[in-house]
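Trainee: In the working numbering, each number is its position in the sequence shown, counted from 1, plus 24.
Yeah, the Cβ is synthetic: ideal placement off N, Cα and C, and Gly gets one too.
Just so you know, these numbers come straight off a predicted model, no measurement behind them.
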Amino acid sequence: CMLAVSGIQRWRAYLDRPLEYQTHEVEYLLPKGAGFIRVANDLQAQGIWQHGRLVAWYYRLFEPELVLKVGEYHFEPGLSPRQIVAKMANGEVLEYSVTLVEGSTLTQILQALQAAEQLESTLPADAVLSADTLSLTHDATLLPSLTSYEGLFFPDTYHYVRGDTDVSILRRAYQRLLDQLQQAWEQRDAKLPYKTPYDLLIMASLVERETGAPEERAEIAGVFVRRLQRGMRLQTDPTVIYGLGDAYKGNLTRRHLRQDTPYNTYTRHGLTPTPIAAAGKEALLAAAKPQSGDSLYFVAKGDGRHQFSATLKEHEKAVREYQILKRRADYRSSPIANEAK
Numbered sequence: 025c026m027l028a029v030s031g032i033q034r035w036r037a038y039l040d041r042p043l044e045y046q047t048h049e050v051e052y053l054l055p056k057g058a059g060f061i062r063v064a065n066d067l068q069a070q071g072i073w074q075h076g077r078l079v080a081w082y083y084r085l086f087e088p089e090l091v092l093k094v095g096e097y098h099f100e101p102g103l104s105p106r107q108i109v110a111k112m113a114n115g116e117v118l119e120y121s122v123t124l125v126e127g128s129t130l131t132q133i134l135q136a137l138q139a140a141e142q143l144e145s146t147l148p149a150d151a152v153l154s155a156d157t158l159s160l161t162h163d164a165t166l167l168p169s170l171t172s173y174e175g176l177f178f179p180d181t182y183h184y185v186r187g188d189t190d191v192s193i194l195r196r197a198y199q200r201l202l203d204q205l206q207q208a209w210e211q212r213d214a215k216l217p218y219k220t221p222y223d224l225l226i227m228a229s230l231v232e233r234e235t236g237a238p239e240e241r242a243e244i245a246g247v248f249v250r251r252l253q254r255g256m257r258l259q260t261d262p263t264v265i266y267g268l269g270d271a272y273k274g275n276l277t278r279r280h281l282r283q284d285t286p287y288n289t290y291t292r293h294g295l296t297p298t299p300i301a302a303a304g305k306e307a308l309l310a311a312a313k314p315q316s317g318d319s320l321y322f323v324a325k326g327d328g329r330h331q332f333s334a335t336l337k338e339h340e341k342a343v344r345e346y347q348i349l350k351r352r353a354d355y356r357s358s359p360i361a362n363e364a365k
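1. Buried or exposed, going by whether 16 or more other CB atoms sit within 10 Å of the CB of D190?
2. So for A113, helix, strand or coil by DSSP?
3. Assuming L53 and V63 form a contact by the criterion Cβ under 8 angstroms, report the distance between their Cβ atoms to the nearest whole angstrom.
4. Mind checking which residues open and close the alpha helix (DSSP H) that includes A237?
5. Buried or exposed: which applies to T335, given that a residue is buried once 16 or more other Cβ atoms fall within 10 Å of its Cβ?
6. Specify whether the segment 185–199 and the segment 211–219 touch according to this definition: at least 3 beta carbon pairs, one from each stretch, less than 8 angstroms apart.
7. Alpha carbon to alpha carbon, what distance is there between A237 and A303?
8. Does DSSP classify P359 as helix, strand or coil?
9. Report the CB separation of P105 from V79 in whole angstroms; it is logged as a contact under 8 angstroms.
10. Do L67 and V50 have their beta-carbon atoms positioned less than 9 angstroms apart in this structure?
11. Whose C-alpha, out of R282, V323, V125, K337, is nearest the C-alpha of A307?
12. If we call anything under 9 angstroms between Cβ atoms a contact, is R257 one with R212?
13. Less than 9 angstroms between the C-beta atoms of G246 and S319, yes or no?
14. Please say whether G175 and I300 have beta carbons closer to each other than 9 angstroms?
15. Starting from V185 and walking both ways along the beta strand (DSSP E), at which residues does that stretch end?
16. Taking 8 angstroms as the cut-off, is the beta-carbon of P168 closer than that to any non-hydrogen atom of the ligand MN?
Right, dumping it as structure tokens:
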């Protein structure tokens, strides 16, 4: 009896002692249906410990209710056997992440998911997204009957585990978008030219694509709102680029500005039919609370920021200064001087 007690005490001491046998980091995929003995033997084969079968028998005898959870685990050197088992019992699986970038198009989002490490791709490359494809619940109070899923997946960093799917990330991003859009809609200023939350989402996408300077978002939104209220065309380059699709090769020309598409805000009044990109939280808030003022024009300075003007004369002067005299290499993104109402 004393020998048995002594043996158990030694094993408990072993379970609590950092392992010296493991000298490198190990990742282990605990498969579905695997018993404790198989897991213990697998870890021994991978150099985690030397006495896997005895570890398994100890837990069978003294903690028979313990259940190891399926998943991928990361074990660094210096852990004790008890810490290793606790990780698997607590389901402390290895996490991955994928970032959906603000201003991304739907195509770019799908490409990011396809390239994400250990994320299972279930959507074909030519998949047509629909509520059925993604098993989404349509919220008619926030969104109309949809023909496009552009802009409906909230840009953020999403964490997942091995075996999760691209569709699971899209569902989460869609729900996050609904939540953020609802908040922005409830906080919106009065008398904005939006009939629905979807209009606000479209505006936010234009703001997101128009400026790379966060502090300018509300001011850009203010210009767009005032132009809509006055019946002026928005005349913003990103809408033209989006409407051109694959025909755009990186150089926007005046011919492109005159080429009519449903998204060309140089040739058409009002908002675009759908969002043109994924708008982040700050862009949504800018669309909901645009900055007041009298500016109706802006021109790119060439450093990622814009010069705002209240009159056409001021705008033409700014265009000469930043687009002609300074000869910026990057193309302007602003309403043109000879606009038509």
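Mentor: To lay it out plainly:
1. Buried, since its Cβ has 16 or more Cβ neighbours within 10 Å.
2. Helix, per DSSP.
3. Not really, about 11 angstroms apart at Cβ, beyond 8 angstroms.
4. For A237, no alpha helix (DSSP H) encloses it, and the DSSP letter there is neither H nor E.
5. So T335 counts as exposed.
6. With the cut-off at 8 angstroms, the segment 185–199 and the segment 211–219 do not touch.
7. Going by the C-alpha atoms only, they are around 14 angstroms apart.
8. Bear in mind that a pLDDT of 44 at P359, under 50, signals an unreliable position, so the number given afterwards is only what the model happens to contain. Looking at P359 - three-state DSSP - the assignment turns out to be coil, as it is neither helix nor strand.
9. Yes, they are in contact, since the Cβ atoms of P105 and V79 sit about 5 angstroms apart, within 8 angstroms.
10. Less than 9 angstroms separates the beta-carbon of V50 from that of L67.
11. Nearest of R282, V323, V125, K337 to A307, Cα basis: V125.
12. No, the pair does not count as a contact, with Cβ atoms beyond the cut-off.
13. Yes. Within cutoff.
14. Taking 9 angstroms as the Cβ cut-off, I300 and G175 qualify as a contacting pair.
15. Per DSSP, V185 is one residue of the beta strand (DSSP E) stretching across 181–185.
16. Ligands in the displayed structure: none, and consequently the ligand MN is not present.
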